[in-house]
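So the structure is just underneath, and the comments pick up after that.
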Amino acid sequence: MKKSKWSLLLTLVLVLSMFLAACSGGDKKDNKAGEGDNDSKDPATEKPAEPQVLNILDGEEIPSMDSSQATDAVSFEVMNNVMEGLYRLDKDNKPTPGVAEKHDLSEDGTVYTFHLNPNAKWSDGSKVTANDFVYAWRKALHPDTLSEYAYIMGPVKNANAIQTDGDPLFGKVEELGVKAVDESTLEVTLEAPAPYFLGLTGFATFYPQKEEFVKKQADKYALEANTLLYNGPFVLNEWKHNEGWQYKKNDNYWDKDNVKLDEINVKIVKDVATSVNLYETGQTDITGLSMEYVDQYKDHEDLYTRGEASVFFLRLNQKTEALKNANIRKAIDMAYDKQSMVDVLLNNGSTPAYYLVPGDFTPGPDGEDFRKTNGNFGGYDLEKAKELWAAGLKELGKESLELELLNYDSDGAKKMGEFFKNQLEKNLPGIKVSIKAQPFKQKLELESKGEYDFSYAGWGPDYQDPMTFLDMFVTDGAHNQMGYSNPDYDKLINDAKKETDQQKRWEMMLEAEKVLFEDQAISPLYQRGVTGLQKPYVKDLAHHLFGADVSYKWAYIEGKQ
Amino acid sequence: MLRYITKRVFAMFLTLLIIATITFFLMKLLPGSPFNNQEKLTESQRYALNEKYGLNDPVPVQYINYLGKLAQGDLGYTFQFDGRTVNSMIANGMGPSATVGFEALVFGTLVGLILGIAAALKHNSFIDYGAMVMAVFGIAIPSFVFAGLLQYYVGVKLGWLPVAFWNGPEYHIMPAFSLSVGVIATVARFMRTEMLEILGTDYILMARSKGISKQAVIIKHCVRNSMIPIITILGPMAIGLITGSLVIENIFAIPGIGEQFVKSINLNDYPVIMGTTLFYSFLIIVIILVVDILYGIIDPRIRVAGGKS
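So, in structure tokens, the structure goes:
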């Protein structure tokens with residue numbers, strides 16, 4: 000009896016001490032945070048100018064800070080602000096000099112000679128050299144360090160061959176079309192002229208890396224804020240995994256005079272309700288909003304909506320008997336109301352899409368937006384839909400059709416699926432739509448196996464050119480995945496890829512999109528928009544349509560006090 | 000006792016091996032690849048990447064390779080965060096998750112016990128009904144609803160506590176409290192039922208008739224004997240709490256490990272699926288062992304080592 004009493008006491012003491020230990024751990028952290036707060040407040044009382052501090056949220060921890068390995072939006076955004084490629088995108092999404100001061104282009108449009116800015120430095124004070132680019136680009140393609148985003152280097156000579164197992168050039172990264180002529184001259188040879196290449200050099204996979212530093216850090220490279228060199232407008236001053244990170248202005252940056260923000264604090268918040276609450280209490284200057292919050296804030300003066308360059312559409316599987324029929328495909332596209340789908344179900348600045356290449360994305364050689372020139376295709380037209388549907392059924396010799404929609408399993412996608420099913424079943428006599436909602440990866444897998452009739456799909460651009468959307472649907476293209484094939488379309492795309500005359504190239508792409516919709520190869524749904532709240536004192540954030548979402552280089556705070 | 004523990008530890012490793020094997024082969028049945036931008040990869044690119052990570056090898060070969068590393072305590076690299084090990088992910092994420100979970104457990108158990116005991120002693124009184132109504136609410140309202148309400152009213156409207164983040168003790172209060180509601184309810188209900196039963200047993204009557212004071216009987220005999228079912232449910236409950244809650248961690252922006260149990264499966268992040276599963280299993284097995292030992296301390300009738308010690 001006595002023994003067990005002691006053990007009971009011992010258990011209690013142990014429990015209590017664990018509790019105390021947990022508390023004291025928390026105390027230490029709190030002190031640190033307190034000091035941080037003081038630091039940011041002091042200059043405000045001394046200096047008359049406003050503190051240039053931006054407080055924001057991000058939805059995820061940074062998955063990678065190794066530019067040659069990154070694959071996701073968060074990494075791209077952070078890197079865009081702490082690193083720099085040959086060029087970077089400006090506020091109007093035009094390439095503006097980064098590490099390169101200027102460039103020469105050969106007459107056939109395939110050889111770029113970049114002259115590097117002698118003031119472009121790493122955060123350790125050393126110069127950014129042409130070799131730093133050669134090293135990083137080869138690293139992204141080498142089989143041992145192959146990047147999941149290696150395909151983005153496709154336009155560079157031999158890049159595709161080097162990453163294709165079995166090709167004679169496989170793994171021979173020294174054959175890549177990039178050469179350091181001298182310390183500050185970089186020569187890049189392309190497979191074919193690519194007018195969008197300059198913008199692409201602002202993409203993370205094309206950033207430089209200093210070989211000596213990377214090798215010294217070995218497997219610790221880019222894992223912490225201090226195992227990484229920076230050459231962008233900001234540096235990562237602090238990176239607390241899963242909690243957040245802090246940018247500080249980079250004093251070694253060549254264009255630091257144009258960088259106004261001193262500090263950007265980023266906290267990771269995954270829940271929209273929490274973000275909104277933090278915005279309401281002034282702890283963040285910007286928050287995104289999900290659909291259910293849009294109505295609540297629709298008259299709020301801080302509300303913004305912004306179009307993005309991602310387009311969502313239905314893949315129509317033309318390997319199936321029913322959807323091989325063009326009349327059936329056209330009838331389906333006309334039989335549902337995209338406008339009310341966007342207004343009711345998305346309600347976030349998205350716009351209905353009657354096209355493949357998004358609007359406000361790329362101006363042509365004439366300066367006119369691709370979308371404006373080509374206009375819309377199709378649209379909600381019940382009478383015509385019924386007519387085409389009847390004709391299609393007759394050609395198939397059937398009275399009814401049962402079709403399966405392959406869908407994502409997110410709440411938003413499920414609602415879209417129900418809407419689509421409801422409209423089609425109401426408007427097309429004899430159609431029955433079943434919905435198969437699958438987790439993201441499984442959905443992609445089923446799609447690539449062709450096990451579906453319609454599939455809800457989306458595509459975001461990899462570079463600023465209609466080709467990033469259009470070459471998806473060439474016959475047997477890797478991302479076609481719906482058995483669409485039209486020799487006229489293939490010819491237009493392949494010719495455009497080789498064409499050096501920009502005007503001709505543009506016209507071929509315009510024509511290609513028309514062919515795609517004469518065939519009604521897909522049924523476009525909407526062009527995505529985003530909506531959120533942003534404090535009025537945050538100025539000049541630059542938003543981009545591909546790669547990194549935002550640049551803080553030119554942003555500043557005005558009128559907060 | 001020592002022999003018993005040795006035997007149990009040996010069985011534990013065997014169990015872990017079986018769990019590892021089943022999880023590994025099941026996981027490989029998941030369609031899709033672990034690559035983040037799967038929809039943009041062509042077949043040949045995917046092949047080359049699979050080659051880089053050894054995913055083109057036959058599954059049994061991958062399994063043997065995995066076990067070899069596991070034997071050295073190496074859980075491999077995650078696909079979600081470039082260059083980061085699963086070991087470091089679990090180590091970093093466990094701190095905050097376990098802290099909040101443990102606080103919720105301690106607070107929830109203490110309050111639950113008090114409520115349960117009070118309800119049993121004042122059976123069919125206002126206190127009893129009040130405590131049980133609270134318990135029903137505690138079980139019925141999901142913790143995320145509670146967390147959302149707390150965050151909005153206490154954090155935003157009243158401004159008494161920080162809305163979110165993980166900076167110091169005051170940041171623990173709302174998440175720990177939200178998590179503890181379920182614990183309070185469960186513990187209170189178990190405790191009340193058990194106490195009522197024991198209060199009516201012969202040995203309590205016997206103790207009272209021997210002239211021992213009511214207080215002493217309640218504390219020494221009643222409460223202690225009612226603890227057996229509580230300890231049984233506390234074990235698995237503790238594991239659930241300290242490995243983190245996906246929802247509570249998301250709502251209060253706590254840098255914990257909770258979400259990885261679900262996210263890793265959706266992303267086909269094989270090493271993390273294995274790592275979190277094995278880690279969770281390990282904790283469960285350890286806690287079951289601890290509970291078995293605790294039984295003996297609390298109730299001498301249940302002695303595990305065969306009655307000889």
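Note that the protein sequences, when read in sequence, are chains F and D. The first sequence begins at 0 in numbering that gives the first Met the number 0 and counts up by one. The second sequence begins at 0 in numbering that gives the first Met the number 0 and counts up by one. Virtual Cβ for every residue (Gly too), placed ideally from N, Cα, C.
When you compare each of F:Tyr-335, F:Tyr-483 and F:Pro-117 to Val-473 of chain F by their alpha carbons, which one comes out closest? For the purposes of this step, residue 473 of chain F is taken as residue 474 along the first sequence, with counting starting at 1. Out of F:Tyr-335, F:Tyr-483 and F:Pro-117, F:Tyr-483 has the C-alpha closest to the C-alpha of Val-473 of chain F.
Label Ile-521 of chain F either buried or exposed according to how many other C-beta atoms from any shown protein chain fall within 10 Å of its C-beta, with 16 as the threshold for buried. Locating residue 521 of chain F in the first sequence gives position 522, where the first residue counts as 1. The residue is buried, with at least 16 neighbouring Cβ atoms inside 10 Å.
With a threshold of 8 Å between beta-carbons, can Ala-384 of chain F be considered close to chain D, or not? Residue 384 of chain F sits at position 385 when you count from the first residue of the first sequence. Chain D contact via Cβ: absent.
Following the continuous alpha helix (DSSP H) through Leu-4 of chain D, name the residue where it begins and the one where it ends. In the second sequence, residue 4 of chain D corresponds to position 5, counting from 1. The sequence given here places Ile at residue 4 of chain D; Leu does not occur at that position. Looking at the DSSP string, the run of the alpha helix (DSSP H) that includes Ile-4 of chain D is 1-26.
Is the Cβ of Pro-523 of chain F closer than 8 Å to any Cβ of chain D? On the first sequence, residue 523 of chain F is found 524 positions in, with the first residue counted as 1. Pro-523 of chain F does not count as touching chain D.
What are the start and end residues of the alpha helix (DSSP H) that includes Arg-137 of chain F? Along the first sequence, one-based indexing puts residue 137 of chain F at 138. Per DSSP, the continuous alpha helix (DSSP H) segment holding Arg-137 of chain F begins and ends at 129-140.
Quick check: the Cα distance between Leu-1 of chain D and Ile-247 of chain D, rounded to an integer number of angstroms? Against the second sequence, residue 1 of chain D aligns to sequence position 2. Against the second sequence, residue 247 of chain D aligns to sequence position 248. Spanning the two alpha carbons is a distance of roughly 40 Å.
Our contact map puts Leu-115 of chain F next to Leu-185 of chain F with C-beta atoms below 8 Å; I'd like the distance itself, whole angstroms only. By 1-based counting over the first sequence, the position of residue 115 of chain F is 116. By 1-based counting over the first sequence, the position of residue 185 of chain F is 186. Right, their Cβ atoms sit about 7 Å apart.
Which listed residue (D:Ile-250, D:Ile-286 and D:Tyr-52) has its alpha carbon closest to that of Val-162 of chain D: On the second sequence, position 163 is the one that residue 162 of chain D refers to. Of the candidates D:Ile-250, D:Ile-286 and D:Tyr-52, the one whose C-alpha sits nearest the C-alpha of Val-162 of chain D is D:Ile-250.
Short CB-CB distance (under 8 Å) between Ile-267 of chain F and chain D: The residue given as residue 267 of chain F occupies position 268 in the first sequence. Yes, contact with chain D.
Contact set for Gly-100 of chain D: own chain, Cβ-Cβ below 6 Å, skip 5 residues either direction: The residue labelled residue 100 of chain D in the question sits at position 101 within the second sequence. Excluding residues within five positions, the ones whose Cβ falls inside 6 Å are Leu-240 and Ile-241.
Taking the straight line between their C-alpha atoms, what separation do you get for Glu-196 of chain D and Met-205 of chain D? The count along the second sequence starts at 1 and reaches residue 196 of chain D at position 197. The count along the second sequence starts at 1 and reaches residue 205 of chain D at position 206. Distance between the alpha carbons of Glu-196 of chain D and Met-205 of chain D: 15 Å.
Straight-line CA distance for Met-290 of chain F to Thr-273 of chain F? As a working note, residue 290 of chain F is residue 291 in the first sequence. As a working note, residue 273 of chain F is residue 274 in the first sequence. Distance between the alpha carbons of Met-290 of chain F and Thr-273 of chain F is about 15 Å.
Partners in chain F for Leu-48 of chain D, counting only beta-carbon separations shorter than 7 Å: Within the second sequence, the letter at position 49 stands for residue 48 of chain D. Near Leu-48 of chain D (Cβ distances below 7 Å), the residues of chain F are Leu-145 and Glu-147.
Rounded distance between the beta-carbons of Leu-423 of chain F and Tyr-335 of chain F, thought under 8 Å: Counting from one through the first sequence, the residue named residue 335 of chain F turns up at place 336. Counting from one through the first sequence, the residue named residue 423 of chain F turns up at place 424. That pair is a contact at about 6 Å.
Can you check whether the CB of Phe-145 of chain D is closer than 8 Å to the CB of Ser-177 of chain D? Counted from its first residue, the second sequence places residue 177 of chain D at position 178. Counted from its first residue, the second sequence places residue 145 of chain D at position 146. Yes, the Cβ-Cβ distance between Ser-177 of chain D and Phe-145 of chain D is below 8 Å.
Using CA atoms only, rank isn't needed, just tell me which of F:Lys-156, F:Pro-117, F:Ser-122 and F:Lys-120 is closest to Trp-136 of chain F. Working through the first sequence from its first residue, we reach residue 136 of chain F at position 137. Comparing Cα positions, the closest option is F:Lys-156.
Considering only the alpha carbon of each residue, which of D:Ala-130, D:Arg-207, D:Ser-32 and D:Phe-278 lies closest to Ala-343 of chain D? Here chain D has residues from 0 to 308 only, and residue 343 of chain D is not among them.
Quick check: what's the CA-CA separation for Asp-487 of chain F versus Asp-518 of chain F? Counting from 1 along the first sequence, the entry for residue 487 of chain F is found at position 488. Counting from 1 along the first sequence, the entry for residue 518 of chain F is found at position 519. Near 11 Å, if we compare the C-alpha coordinates of Asp-518 of chain F and Asp-487 of chain F.
Would you list, in sequence order, the uninterrupted beta strand (DSSP E) runs of no fewer than 3 residues that lie entirely inside the region 233-310 of chain F? Taking only runs of at least 3 residues, the beta strand (DSSP E) segments lying wholly in the region 233-310 of chain F are 233-239, 243-248, 262-267 and 285-287.
Tell me, please, whether the CB atom of Gln-216 of chain F is closer than 8 Å to any CB atom in chain D? Here residue 216 of chain F refers to the residue found at position 217 of the first sequence. Taking 8 Å as the threshold, the shortest C-beta distance from Gln-216 of chain F to chain D does not fall below it.
Segments assigned beta strand (DSSP E), at least 3 residues, entirely inside the region 391-471 of chain F: 400-407, 430-437 and 453-458
So, under 8 Å CB-CB, Asp-301 of chain F and Gln-51 of chain F are touching, yes? Tell me the CB distance rounded to an integer number of Å. By 1-based counting over the first sequence, the position of residue 301 of chain F is 302. By 1-based counting over the first sequence, the position of residue 51 of chain F is 52. Not really, about 20 Å apart at Cβ, beyond 8 Å.
Which of the residues in the region 139-163 of chain D, read from start to end, lie with their CB under 8 Å from any CB of chain F? Gly-147, Gln-150, Tyr-151, Gly-154, Val-155, Gly-158, Val-162 and Ala-163
Apart from the five residues just before and just after Phe-468 of chain F, which ones in its own chain have a Cβ nearer than 8 Å to its Cβ? Sequence index remark: in the first sequence, residue 468 of chain F carries index 469 (1-based). Cβ neighbours of Phe-468 of chain F beyond the five flanking positions: Val-310, Leu-355, Val-356, Pro-357, Trp-458 and Pro-460.
With burial defined as no fewer than 16 other Cβ atoms inside 10 Å of the residue's Cβ, what is the status of Asn-30 of chain F: buried or exposed? In the first sequence, the residue the question calls residue 30 of chain F occupies position 31. Note that Asn-30 of chain F scores a pLDDT of 38, beneath 50, so its modelled location is shaky; the value from the coordinates is reported in the next line. It counts as exposed.
Taking the alpha helix (DSSP H) that Gly-147 of chain D belongs to, which residues open and close that run? If you number the second sequence from 1, residue 147 of chain D lands on position 148. Taken as a continuous stretch (DSSP letters only), the alpha helix (DSSP H) holding Gly-147 of chain D covers 142-149.
For a contact meaning CB atoms closer than 8 Å, what does Lys-440 of chain F contact in chain D? Along the first sequence, read from residue 1 onward, the residue named residue 440 of chain F stands at position 441. Correct list: Leu-29, Pro-30, Gly-31, Ser-32, Gln-37, Asn-265, Leu-266 and Asn-267.
Any beta-carbon of chain D closer than 8 Å to the one on Gln-463 of chain F? Along the first sequence, one-based indexing puts residue 463 of chain F at 464. So no, Gln-463 of chain F is outside the interface.
Using DSSP with H/G/I as helix, E/B as strand and the rest coil, what is Thr-231 of chain D? Numbered from its first residue, the second sequence carries residue 231 of chain D at position 232. Thr-231 of chain D falls in the helix class under three-state DSSP.
According to DSSP, is Glu-100 of chain F part of a helix, a strand, or is it coil? Residue mapping note: residue 100 of chain F aligns to position 101 of the first sequence, counting from 1. In this structure, Glu-100 of chain F counts as strand in the three-state DSSP scheme.
Can you grab the Cα-Cα spacing for the pair Lys-120 of chain F / Glu-237 of chain F, in whole Å? One-based indexing of the first sequence puts residue 120 of chain F at position 121. One-based indexing of the first sequence puts residue 237 of chain F at position 238. Whole-angstrom Cα-Cα distance: 21 Å.
Chain F contact residues for Gln-214 of chain D, given Cβ-Cβ distances below 7 Å: As a first step, residue 214 of chain D is located in the second sequence; it is residue number 215 there, counting from the start. Within 7 Å Cβ-Cβ: nothing; Gln-214 of chain D doesn't reach chain F, min ~17 Å.
Under the DSSP definition of a beta bridge, which residues are partnered with Ala-179 of chain F? The residue you call residue 179 of chain F lines up with position 180 of the first sequence. DSSP lists F:Leu-185 as partners of Ala-179 of chain F.
Nearest to Tyr-52 of chain D by CA position, among D:Tyr-76, D:Ile-116 and D:Asn-36, is which residue? Position 53 of the second sequence, counting from 1, holds the residue named residue 52 of chain D. Closest option to Tyr-52 of chain D, Cα to Cα, is D:Tyr-76.
Can the beta-carbon of Thr-112 of chain F be found less than 8 Å from the beta-carbon of Asp-103 of chain F? On the first sequence, position 113 is the one that residue 112 of chain F refers to. On the first sequence, position 104 is the one that residue 103 of chain F refers to. In contact: Thr-112 of chain F and Asp-103 of chain F (Cβ atoms closer than 8 Å).
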